[in-house]
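This report concerns only the one structure given below.
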Amino acid sequence: MTFSTATENKLQEIWARYPEGRKRSAVIPMLMYAQDEVGQVTSELVAEVAKRCEVTPLQVEEVVGYYSMLNKERMGKHHVQICTNIACLLMGGEELWNHATKRLGIGHKQVTADGLISLEEVECAGACSWAPCVVDGYEYHHHATIEKLDRLLDSIQKVN
Amino acid sequence: MFNDPHPDEVRVISKRFGLPNSASIDTYLANEGYVALMKAIEMSPEQIIDELKISSLRGRGGAGFPTGMKWSFIPRDNPKPKYVVVNADESEPGTCKDRLLIENDPHQLIEGCLIAARTIGCKKGYIYIRGEYRYLIDIMDKALAEAYAHGYLGKNIKGSGLDFDLYTHTGAGAYECGEESALLESLEGKRGVPRIRPPFPAVAGLYASPTVLNNVETFATVPAVLRMGGQAYADLGTPKNGGTRMLCVSGHVNRPGVYEVPLGFPMHKMIYEVCGGIRNGKKLKAVIPGGSSSPVLRAEECDFPMDYDNYARMKTMAGSGGMMVMDEDTDIVKVALRTMRFYAHESCGWCIPCREGTTWLRKILTRMDEGTGRRADIDLIHELAKNMLGRTFCPLGDAAAMPTIGFVEKFREEFEARLRETTVPVVSPDQLISIS
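Top line first, the protein sequences correspond to chains A and B. Its first residue numbered 141, the first sequence is counted upward by one per residue in the working numbering. Its first residue numbered 93, the second sequence is counted upward by one per residue in the working numbering.
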């Protein structure tokens, strides 16, 4: 399996961080960075990471099934996550979630028909003091409101 | 993202926040950066541990275990390599302080790790950062590269003979990995499930080697302790509760944010003066004082000096410093349900009391919230949560049970009121026949 030069360099750099005989430690970071490029964790990617880390594909699959950020299904080009955990709940996170699902016509971990946006109701995003919080990919949007969420979705839909 | 300093704050580990390019090594070096490391190089490991013990620095991740004692458990005669591991898997609802410590002052954390490495004789360390915080990983990697370039990481650091390499490691979305033994499993490339202890990480941690594992804030505090001296740091707080703490305040206050205050700072003053009181002129109803796992306090209980011992006296805990403030309009049943949805989602499934208990509680709280609760449900929730306490491999089960018991005991009248709103579904004879 081949990756872009940037991702390949990153994977090599990650691999070198762990002691000899302990390369299995690279499984999760490798999956995370490779997923960003591939768009999802495919069987091919599982096999590739297993080969590089000298473990079995089953050992990689175990990991993929456990961590919520590793997706076997393809998410949208923009994966929009809305936190509704306690601090965000207190500040209107549920209203944001309900608004987003109505506007886009999709639910939790679903993707719009054009593949542009996927939605996820996430557990605490770690932005409690600046709640409520919306995350687009890895980008945080604090003190979110329905207007700010609409502007974000508008900009995604306009650019793409 | 942080507020201007409040006059009541005592900024020790957040003092560089807000400086221009505060994350850069140049800013760090110009503001007492790596001074403590140079001091540590001149000290013996025993002297460093003694200084930490004098400081009465307690673990800032939640457990509050004395740091000096934790470091002293590393066996000297163990021939295996030793490791330093930073728990930056900040995922406890209500908590967002480690973000700011890494974002604004990553070198402080690196220096804390270096001092730990010097103390235990370790050559390699990892900073385990939750996957959602990718931007922090980029900031940390940049800081690490600067530290290597300036000779503060790598071989023979500043001619001291100390070799130390430090790397970031990304998580992939699992609250359970904040539990230290689950974090180590994850760092070894496996599912993040807890290990049976003993042995503790100090004896058999990463790769079954002796490991010092602490929260970001704890490591970030260590340079200040050595720089100021343990006693001067301890004197900032209360007896047995040395120094300052980062508190992340969220919810219905006028100025939510992350603040550094001395241990023993009054909670009432924190809410009404530092955070500007309850927004929209509402009354205070309750506070979850230390992240979602800490039992809730009613408004009338929210006036005490916030240190580890007083939290315990109030039958709650300092936890990870995440204070969630709720006004009089807050629906406690909904908060209890949202809390349990979190724990049911995040339970790793390794042990039955946690896996089944959190799911069962979530289901009961859901029907209560939806208005189809049963009279026996309130006692059932209480009983179930009590039966989970102390019966799980790791603290996640307790973290789910403790707040639930608190919600029911402190706000039973709200659960009762919700039952009065309950509409019991009428079952027709036809339906009964079809069910049977």
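Even glycine gets a Cβ: it sits at the ideal position worked out from N, Cα and C.
Between which two residues does the alpha helix (DSSP H) carrying Q139 of chain B extend? Along the second sequence, one-based indexing puts residue 139 of chain B at 47. Q139 of chain B -> alpha helix (DSSP H) spans 137–147.
What does the Cβ neighbour count give for R210 of chain B, buried or exposed, with the cut at 16 atoms within 10 Å? One-based indexing of the second sequence puts residue 210 of chain B at position 118. Buried is the call here.
Using alpha carbons as the reference points, say which of B:E475, B:D419, B:P198, B:P290 lies closest to D118 of chain B. Along the second sequence, read from residue 1 onward, the residue named residue 118 of chain B stands at position 26. Minimum Cα distance to D118 of chain B is reached at B:P198.
Quick one: using the 10 Å Cβ neighbour count with 16 as the cut-off for buried, is S385 of chain B buried or exposed? Working through the second sequence from its first residue, we reach residue 385 of chain B at position 293. So S385 of chain B counts as buried.
Rounded to whole angstroms, what's the CA-CA distance from Y193 of chain B to L201 of chain B? Just pull it up for me. Numbered from 1 along the second sequence, position 101 holds the residue referred to as residue 193 of chain B. Numbered from 1 along the second sequence, position 109 holds the residue referred to as residue 201 of chain B. Sequence check: residue 193 of chain B is Leu here, not Tyr. For L193 of chain B and L201 of chain B, the distance between alpha carbons rounds to 8 Å.
Is the beta carbon of N95 of chain B sitting closer than 8 Å to the one on R108 of chain B? Start at 1 with the first residue of the second sequence, and residue 95 of chain B comes out as number 3. Start at 1 with the first residue of the second sequence, and residue 108 of chain B comes out as number 16. Not in contact: N95 of chain B and R108 of chain B (Cβ atoms no closer than 8 Å).
Apply the 10 Å Cβ neighbour rule to R289 of chain B and answer buried if 16 or more other Cβ atoms are within range, or exposed otherwise. In the second sequence, residue 289 of chain B corresponds to position 197, counting from 1. Exposed, by the Cβ-count rule.
Using a Cβ cut-off of 8 Å, which residues of the segment 263–276 of chain B contact any Cβ in chain A, in chain order? G263, A264, G265, A266, Y267
Quick one: does V220 of chain A have its CB under 8 Å from some CB of chain B? Within the first sequence, residue 220 of chain A is the residue found at index 80, counting from 1. Judged by the 8 Å Cβ criterion, V220 of chain A is not in contact with chain B.
Against P169 of chain A, what residues of chain B qualify as contacts under a CB-to-CB distance less than 8 Å, listed in chain order? Translated into positions along the first sequence, residue 169 of chain A becomes position 29. By Cβ distance, chain B contributes H261, T262.
Give the interface partners of F157 of chain B over in chain A, defined as CB-CB distance under 7 Å, in chain order. Position 65 of the second sequence holds residue 157 of chain B. Here the premise fails: no neighbours, minimum Cβ distance about 23 Å.
Taking the alpha-carbon positions, what's the H287 of chain B to L429 of chain B distance? Counting from 1 along the second sequence, the entry for residue 287 of chain B is found at position 195. Counting from 1 along the second sequence, the entry for residue 429 of chain B is found at position 337. In the sequence under discussion, the amino acid at residue 287 of chain B is Arg, which differs from the His named in the question. Answer to the nearest angstrom: the Cα atoms are 28 Å apart.
Cβ separation of V178 of chain A and G281 of chain B, assumed to be a contact under 8 Å, to the nearest whole Å: Residue 178 of chain A sits at position 38 when you count from the first residue of the first sequence. Residue 281 of chain B sits at position 189 when you count from the first residue of the second sequence. In fact, because the Cβ distance is near 19 Å, the residues do not count as touching under 8 Å.
When you compare the CB of M209 of chain A with every CB in chain B, is at least one pair closer than 8 Å? Working through the first sequence from its first residue, we reach residue 209 of chain A at position 69. It does: the Cβ of M209 of chain A has a partner Cβ on chain B nearer than 8 Å.
Assign C394 of chain B to one of three DSSP states: helix, strand, or coil. One-based indexing of the second sequence puts residue 394 of chain B at position 302. Three-state result, C394 of chain B: coil.
Could you give the first and the last residue of the continuous beta strand (DSSP E) run that contains V178 of chain B? Translated into positions along the second sequence, residue 178 of chain B becomes position 86. Where V178 of chain B is concerned, the enclosing beta strand (DSSP E) stretches over 175–180.
What alpha helix (DSSP H) runs, 4 residues minimum, are completely inside the segment 471–508 of chain B? 487–502
At which residues does the beta strand (DSSP E) containing H199 of chain B begin and terminate? The residue you call residue 199 of chain B lines up with position 107 of the second sequence. Segment 198–212 is the alpha helix (DSSP H) holding H199 of chain B; no beta strand (DSSP E) there.
So, does the segment 264–272 of chain A touch the segment 187–196 of chain A, judging by three or more C-beta pairs under 8 Å? no
Could you tell me which chain B residues have their CB closer than 7 Å to the CB of S165 of chain A, listed as they occur along the chain? The residue you call residue 165 of chain A lines up with position 25 of the first sequence. In chain order: L279, E280, G281.
At the level of alpha carbons, what is the spacing between D395 of chain B and N402 of chain B? In the second sequence, the residue the question calls residue 395 of chain B occupies position 303. In the second sequence, the residue the question calls residue 402 of chain B occupies position 310. When rounded, the distance between both Cα atoms is 11 Å.
Indicate whether at least one CB of chain B lies closer than 8 Å to the CB of L244 of chain A. Locating residue 244 of chain A in the first sequence gives position 104, counting from the first residue. Not an interface residue.
Would R152 of chain B and Y400 of chain B be called neighbours here (beta carbons separated by less than 8 Å)? Here residue 152 of chain B is taken as the residue at index 60 of the second sequence, counted from 1. Here residue 400 of chain B is taken as the residue at index 308 of the second sequence, counted from 1. Against a cut-off of 8 Å, the Cβ pair of Y400 of chain B and R152 of chain B comes out as no contact.
Identity of the residue in B:L236, B:I444, B:F507 nearest R483 of chain B by Cα: Start at 1 with the first residue of the second sequence, and residue 483 of chain B comes out as number 391. The shortest C-alpha separation from R483 of chain B is found at B:I444.
Just the Cα atoms here: how many angstroms apart are E393 of chain B and P387 of chain B? Taking the second sequence and counting its residues from 1, the one referred to as residue 393 of chain B is at position 301. Taking the second sequence and counting its residues from 1, the one referred to as residue 387 of chain B is at position 295. Near 12 Å, if we compare the C-alpha coordinates of P387 of chain B and E393 of chain B.
Provide the residue span of the beta strand (DSSP E) that contains R337 of chain B, from first to last. Stepping through the second sequence from its first residue, residue 337 of chain B is reached at position 245. First-last of the beta strand (DSSP E) with R337 of chain B: 336–343.
For N306 of chain B, count neighbouring C-beta atoms within 10 Å of its own C-beta (all shown protein chains included) and say buried if the count is 16 or more, exposed if not. Within the second sequence, the letter at position 214 stands for residue 306 of chain B. Flag for N306 of chain B reads buried.
Shortest alpha-carbon distance to D490 of chain B belongs to which of B:R337, B:G343, B:E271, B:R459? Taking the second sequence and counting its residues from 1, one reaches residue 490 of chain B at position 398. Nearest C-alpha to D490 of chain B: B:E271.
Which of the three DSSP states is assigned to M460 of chain B in this structure? For the purposes of this step, residue 460 of chain B is taken as the residue at position 368 of the second sequence. Helix at M460 of chain B.
Outcome for E203 of chain B when other beta-carbon atoms lying within 10 angstroms are tallied against a minimum of 16: Mapped onto the second sequence, residue 203 of chain B falls at position 111. Counting Cβ neighbours within 10 Å, E203 of chain B comes out buried, since at least 16 surround it.
Could you say which of B:G321, B:E184, B:F357 lies nearest to G329 of chain B if we only look at CA atoms? Along the second sequence, one-based indexing puts residue 329 of chain B at 237. G329 of chain B has its Cα closest to that of B:F357, out of B:G321, B:E184, B:F357.
Look up Q221 of chain A in the DSSP assignment and give the residues it is bridged to. Working through the first sequence from its first residue, we reach residue 221 of chain A at position 81. Note: Q221 of chain A sits in a beta bridge opposite A:E260, A:V275.
Within 8 Å (strictly less), CB to CB, does R192 of chain A reach chain B? To locate residue 192 of chain A, count along the first sequence from 1; it is residue 52. No, its Cβ sits nowhere closer than 8 Å to a Cβ of chain B.
What is the residue span of the alpha helix (DSSP H) that P315 of chain B lies within? Counting from 1 along the second sequence, the entry for residue 315 of chain B is found at position 223. 308–320 is the span of the alpha helix (DSSP H), which, as asked, contains P315 of chain B.
Touching by the beta-carbon criterion (3+ pairs, under 8 Å), the segment 248–258 of chain B and the segment 464–472 of chain B: no
Taking a cut of 9 Å between CB atoms, which residues from the segment 251–264 of chain A lie near chain B? V262, E263, C264
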